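S.K.:
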Amino acid sequence: MKPALRRPKAWPLLALAAIATGFVVLGHDGRRVAQMLVLLLPALAWMAWPVRSVAVHRARRVAVLAAVMAFAADGVVRAYLLDTYQSAPDGAVVLGALANTNARESGEYLQMHWRTAALWCAVLGAAGYAVWRLTAHGLRRRSAAAAGAANDAADGGAAATRVEVAPRRAWLALLVVAFAFGALAHASKPWRRLHPVVFWTQWVDDAGDLRTAWADQQRMRDAALQHAHAAAPQVTRAGPSTVVLVITDSINRDNLGLYGYGRNTTPRLAAAQRREPQQMTVLRHAWSVDASTLPAMANMMRFGQPTAADAQHLLPLARAAGYKVWWMSNHDDVAIEQQHARLADEVEIVNRVPGRASASLDGELLDCVQEALEDPAERKLIVVHLLGAHPHYRLRFPGTQENPFDDAVDAVESELIAKARPAWVRRFRQDYDNALLYHDFVVAETLQLTRTVGRLAEYRAWVYVSDHGQEVGHGSDHVGHSPSTASGYRIPAIVWRNQVPADAPSVAERPFRADWLGWTVSDLLALQWKGQVAGRDVLADDYRWEAPVLPVKVRSYLD
Numbered sequence: 206m207k208p209a210l211r212r213p214k215a216w217p218l219l220a221l222a223a224i225a226t227g228f229v230v231l232g233h234d235g236r237r238v239a240q241m242l243v244l245l246l247p248a249l250a251w252m253a254w255p256v257r258s259v260a261v262h263r264a265r266r267v268a269v270l271a272a273v274m275a276f277a278a279d280g281v282v283r284a285y286l287l288d289t290y291q292s293a294p295d296g297a298v299v300l301g302a303l304a305n306t307n308a309r310e311s312g313e314y315l316q317m318h319w320r321t322a323a324l325w326c327a328v329l330g331a332a333g334y335a336v337w338r339l340t341a342h343g344l345r346r347r348s349a350a351a352a353g354a355a356n357d358a359a360d361g362g363a364a365a366t367r368v369e370v371a372p373r374r375a376w377l378a379l380l381v382v383a384f385a386f387g388a389l390a391h392a393s394k395p396w397r398r399l400h401p402v403v404f405w406t407q408w409v410d411d412a413g414d415l416r417t418a419w420a421d422q423q424r425m426r427d428a429a430l431q432h433a434h435a436a437a438p439q440v441t442r443a444g445p446s447t448v449v450l451v452i453t454d455s456i457n458r459d460n461l462g463l464y465g466y467g468r469n470t471t472p473r474l475a476a477a478q479r480r481e482p483q484q485m486t487v488l489r490h491a492w493s494v495d496a497s498t499l500p501a502m503a504n505m506m507r508f509g510q511p512t513a514a515d516a517q518h519l520l521p522l523a524r525a526a527g528y529k530v531w532w533m534s535n536h537d538d539v540a541i542e543q544q545h546a547r548l549a550d551e552v553e554i555v556n557r558v559p560g561r562a563s564a565s566l567d568g569e570l571l572d573c574v575q576e577a578l579e580d581p582a583e584r585k586l587i588v589v590h591l592l593g594a595h596p597h598y599r600l601r602f603p604g605t606q607e608n609p610f611d612d613a614v615d616a617v618e619s620e621l622i623a624k625a626r627p628a629w630v631r632r633f634r635q636d637y638d639n640a641l642l643y644h645d646f647v648v649a650e651t652l653q654l655t656r657t658v659g660r661l662a663e664y665r666a667w668v669y670v671s672d673h674g675q676e677v678g679h680g681s682d683h684v685g686h687s688p689s690t691a692s693g694y695r696i697p698a699i700v701w702r703n704q705v706p707a708d709a710p711s712v713a714e715r716p717f718r719a720d721w722l723g724w725t726v727s728d729l730l731a732l733q734w735k736g737q738v739a740g741r742d743v744l745a746d747d748y749r750w751e752a753p754v755l756p757v758k759v760r761s762y763l764d
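Take any residue in the sequence shown, count from 1 to its spot, add 205: that is its number in our numbering.
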């Protein structure tokens, strides 16, 4: 007796397609949506292909569940990255962050964003349960006798559903067409690379390749030093000099008392400015052009031209002019170490735990700063790279340090409540501000060491700047790096000099770009070289401001 084919139920297939489409639309748009659905088509078509074996039926359920959920997870991750970082997974920002992270940092990141992760996991869990239930309705092959018995039962009971025999050839031909479309999509490399299994496997491989490329850049460093010597840099100031450049991480100037914040997060820096108002200049309108560390550092070190073939790098340029260069860091960061730190004469990494989420405190660098200042070299450039307030904030201050900002509802807390910021955002703001209080101690101590250690009669300069800002409930219910709000770019910048020319222009109210930092540091180093560009040193008389192009709308750069 020939086997019979039940007429397939349409609603399970439609429901599966609807679930898959919903998640695909989250992470893709335009033609990509259609491409992704065609790649998923064989799994959905298999649901309508008749099978008789119970084992095959179960295997099909597992396979279809895995396929649909792979596409669902792909859509969720892409949507999150697009919303949070305005980047595709294979964008430079995201791929660079992956290559530059580790399990510990990932864990700390999840500690901050566990609510979002839990929400999406719950959504995926619910979707997975629904998909599993729907896969039970995959088409099964029955014999004609079984189909007849089922029909007889249907005739005898009003509540039963009649089982009918469907046209075999037309239905199977339609399924063959569906499988053929899916096969063609998988055979096409541009389409196949979009498949979640292929894409994310390649994504991990690309990050590994990037990490490997960073691991050995000696050839590029040698070329940078040769390029610097070819520019023939000269020091135009007689006598010994020392410049200390303090670069920190994730500091938003809106949270600094020195910039008018409602909490006293910078008592030591504020005291230093009151003590030496002429020597210490607080640049009130400082901006980063990047919202993450790697591109920001490249811009600062390469004079705002990180990819230009003829761009100089600040460190080899200073070395070529006769400066001894130190790089001391609380970042155990392979990218920054290979691209920048190893260009210095002396490198000291005090953080021995990989990843920027290490619990190593910035104060560990103070002894290194003092040792460098005591070095007998005539000309010195000392770069100090701090973790600052990089998330997780509670790791950025000693565990014994009490938080003075969580005792009562102050003006800042009241403002956050008025903006309807949730409790978890307000709690992170308290931790962030406490991290800034400890950060103020470290930064102020580097300034004090610059003022008091070594040959005090020589020229001394000290510069403090953050690589990028941080969103902590200022413009949205978000905490962390924020390329989509102005808070991700609002940074502090301070310059101290022990010798200020009598005719020095007033620069505190000038807008400042962090990607032009190299020009200002070069001025403090008194460097002159072939190819120098005028108008970008914020301390100079001929400074000409040019507004950067940011991915967010800024009301005014004088804000």
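Note that beta-carbon positions come from the ideal geometry of N, C-alpha and C, so glycine has one too. Bear in mind the structure is a predicted one, so any value in this text is a computation, not a measurement.
If you follow the beta strand (DSSP E) that L586 is in, where does it begin and where does it stop?
M.R.: By 1-based counting over the sequence shown, the position of residue 586 is 381. Under the DSSP assignment, L586 falls in the beta strand (DSSP E) whose first and last residues are R584 to H590.
S.K.: Based on the DSSP output, what are the partners of M485 in its beta bridges?
M.R.: Reading the sequence shown from its first residue, position 280 is the one you call residue 485. Note: M485 sits in a beta bridge opposite W701.
S.K.: Within the same chain, show all residues whose beta-carbon is closer than 8 Å to that of A436, passing over the 5 residues directly before and after it, in chain order.
M.R.: In the sequence shown, residue 436 corresponds to position 231, counting from 1. Closer than 8 Å at Cβ, skipping near neighbours: Q517, L522, A525, W734, K735 and G736.
S.K.: On the criterion of 16 or more Cβ atoms from any shown chain inside 10 Å, does A225 qualify as buried, or is it exposed?
M.R.: Mapped onto the sequence shown, residue 225 falls at position 20. With 16 or more Cβ atoms within 10 Å of its Cβ, A225 is classed as buried.
S.K.: Below 9 Å between beta carbons: does that hold for D454 and L339?
M.R.: Position 249 of the sequence shown holds residue 454. Position 134 of the sequence shown holds residue 339. It is not a contact, given that the beta carbons lie outside the stated cut-off.
S.K.: Closer than 7 Å by C-beta to P688: which residues in its own chain qualify, once you throw out the five before and the five after it? Chain order, please.
M.R.: Residue 688 sits at position 483 when you count from the first residue of the sequence shown. Cβ neighbours of P688 beyond the five flanking positions: Y290, Q291, A496 and P756.
S.K.: Starting from V726, follow the alpha helix (DSSP H) in both directions and report where the run begins and ends.
M.R.: Start at 1 with the first residue of the sequence shown, and residue 726 comes out as number 521. Per DSSP, V726 belongs to the alpha helix (DSSP H) from L722 to L730.
S.K.: First and last residue of the beta strand (DSSP E) that includes V449?
M.R.: Numbered from its first residue, the sequence shown carries residue 449 at position 244. Unbroken beta strand (DSSP E) run through V449: S446 to T453.
S.K.: Short of 6 Å in beta carbon distance, which residues of its chain neighbour V588, apart from the five on each side in sequence? Order them along the chain.
M.R.: As a first step, residue 588 is located in the sequence shown; it is residue number 383 there, counting from the start. For V588, where only same-chain residues beyond five positions count, the Cβ hits under 6 Å are L450 and W532.
S.K.: Could you tell me the boundaries of the beta strand (DSSP E) in which A707 lies?
M.R.: For the purposes of this step, residue 707 is identified with residue 502 of the sequence shown, where counting begins at 1. No beta strand (DSSP E) contains A707, which DSSP labels as neither H nor E.
S.K.: Tell me which same chain residues have a C-beta within less than 8 Å of the C-beta of V299, skipping the five on either side of it?
M.R.: Within the sequence shown, numbered from 1, the residue matching residue 299 stands at position 94. Hits under 8 Å: L286, Y290, S292 and A293.
S.K.: Figure out for me which residue from A385, D612, R398 and A616 has the closest Cα to the Cα of D295.
M.R.: In the sequence shown, the residue the question calls residue 295 occupies position 90. Considering only alpha carbons, the answer is R398.
S.K.: Using alpha carbons as the reference points, say which of R346, A215, V494 and G280 lies closest to D234.
M.R.: By 1-based counting over the sequence shown, the position of residue 234 is 29. Among R346, A215, V494 and G280, the Cα nearest to that of D234 belongs to G280.
S.K.: Okay, do the region 654-674 and the region 617-637 touch, 3+ Cβ pairs below 8 Å being the bar?
M.R.: no
S.K.: Can you give the beta carbon distance from M425 to V684, rounded, assuming they're within the 8 Å contact cut?
M.R.: Taking the first residue of the sequence shown as 1, we reach residue 425 at position 220. Taking the first residue of the sequence shown as 1, we reach residue 684 at position 479. The distance from the Cβ of M425 to that of V684 is about 36 Å, inconsistent with a contact at the 8 Å cut-off.
S.K.: Please tell me whether D572 and K529 are closer than 9 Å, where the distance is taken between their beta carbons.
M.R.: What you label residue 572 is simply residue 367 of the sequence shown in a count that begins at 1. What you label residue 529 is simply residue 324 of the sequence shown in a count that begins at 1. No, these two residues do not count as a Cβ contact at 9 Å.
S.K.: Please list, in chain order, all residues of the same chain as I622 whose beta carbon is under 8 Å from its beta carbon, the five residues on each side excluded.
M.R.: Taking the sequence shown and counting its residues from 1, one reaches residue 622 at position 417. Answer for I622: V614 and R631, listed in chain order.
S.K.: Quick check on G685: does DSSP put it in helix, strand or coil?
M.R.: To locate residue 685, count along the sequence shown from 1; it is residue 480. Strand at G685.
S.K.: Please give me, in chain order, every unbroken run of the alpha helix (DSSP H) with length at least 4 that falls completely inside the region 303-344.
M.R.: 308-317 and 319-340
S.K.: Near W724, which residues of its chain fall below 6 Å by C-beta distance, leaving aside the five closest residues on each side in sequence?
M.R.: Numbered from 1 along the sequence shown, position 519 holds the residue referred to as residue 724. Only R741 and D742 meet the Cβ criterion.
S.K.: Who does E551 pair with in a DSSP beta bridge?
M.R.: Numbered from 1 along the sequence shown, position 346 holds the residue referred to as residue 551. According to DSSP, E551 bridges with W531.
S.K.: So is D746 buried or exposed if we call it buried at 16+ other beta carbons inside 10 Å?
M.R.: Locating residue 746 in the sequence shown gives position 541, where the first residue counts as 1. Here D746 is exposed. Its C-beta has fewer than 16 other C-beta atoms within 10 Å.
S.K.: Which of the three DSSP states is assigned to F717 in this structure?
M.R.: Counted from its first residue, the sequence shown places residue 717 at position 512. It is a strand residue.
S.K.: Put E579 into one of helix, strand or coil per three-state DSSP.
M.R.: Here residue 579 corresponds to residue number 374 of the sequence shown, with the count starting at 1. DSSP places E579 within a helical segment (H, G or I) once states are collapsed to three.
S.K.: I'd like the list of long-range same chain contacts for V831, defined as Cβ closer than 8 Å, with 5 residues on each side in sequence excluded.
M.R.: Coverage of the chain is limited to positions 206 through 764, which leaves residue 831 absent and any answer about it impossible.
S.K.: Spell out the partners DSSP gives E676 in its beta bridges.
M.R.: Your numbering for residue 676 matches position 471 in the sequence shown. According to DSSP, which records beta bridges pairwise, E676 is partnered with G685.
S.K.: For H490, list the residues DSSP reports as bridge partners.
M.R.: If you number the sequence shown from 1, residue 490 lands on position 285. DSSP lists P716 as partners of H490.
S.K.: Can you tell me whether G779 is buried or exposed? The criterion is at least 16 other CB atoms within 10 Å of its CB, across all chains shown.
M.R.: Outside the shown range of the chain, which is 206 to 764, sits residue 779, and nothing can be said about it.
S.K.: Within this structure, are the beta carbons of V700 and L729 separated by less than 9 Å?
M.R.: The residue you call residue 700 lines up with position 495 of the sequence shown. The residue you call residue 729 lines up with position 524 of the sequence shown. Yes. Within cutoff.
S.K.: Give me the residue from Y314, V230, A223 and L303 with the minimum Cα distance to P596.
M.R.: Taking the first residue of the sequence shown as 1, we reach residue 596 at position 391. That would be Y314, whose Cα lies nearest to the Cα of P596.
S.K.: Can you list, in chain order, the residues of its chain whose CB lies under 7 Å from that of T605, leaving out five sequence neighbours each side?
M.R.: Within the sequence shown, residue 605 is the residue found at index 400, counting from 1. Cβ neighbours of T605 beyond the five flanking positions: none.
S.K.: So does the region 654-662 actually touch the region 635-645, counting three or more Cβ pairs closer than 8 Å?
M.R.: no
S.K.: Work out the CA separation of G465 and L652 for me, nearest whole Å.
M.R.: The count along the sequence shown starts at 1 and reaches residue 652 at position 447. The count along the sequence shown starts at 1 and reaches residue 465 at position 260. Answer to the nearest angstrom: the Cα atoms are 21 Å apart.
S.K.: With distances taken between CB atoms, is the gap from A649 to A476 smaller than 9 Å?
M.R.: In the sequence shown, residue 649 corresponds to position 444, counting from 1. In the sequence shown, residue 476 corresponds to position 271, counting from 1. Going by C-beta atoms, A649 is nearer than 9 Å to A476.
S.K.: Does the beta carbon of K394 come closer than 9 Å to any beta carbon on chain D?
M.R.: In the structure shown, chain D cannot be found, because there is only a single protein chain.
S.K.: Whose CA, out of G301, A385, L389 and T441, lies closest to the CA of W408?
M.R.: Here residue 408 refers to the residue found at position 203 when the sequence shown is read from its first residue. Closest option to W408, Cα to Cα, is G301.
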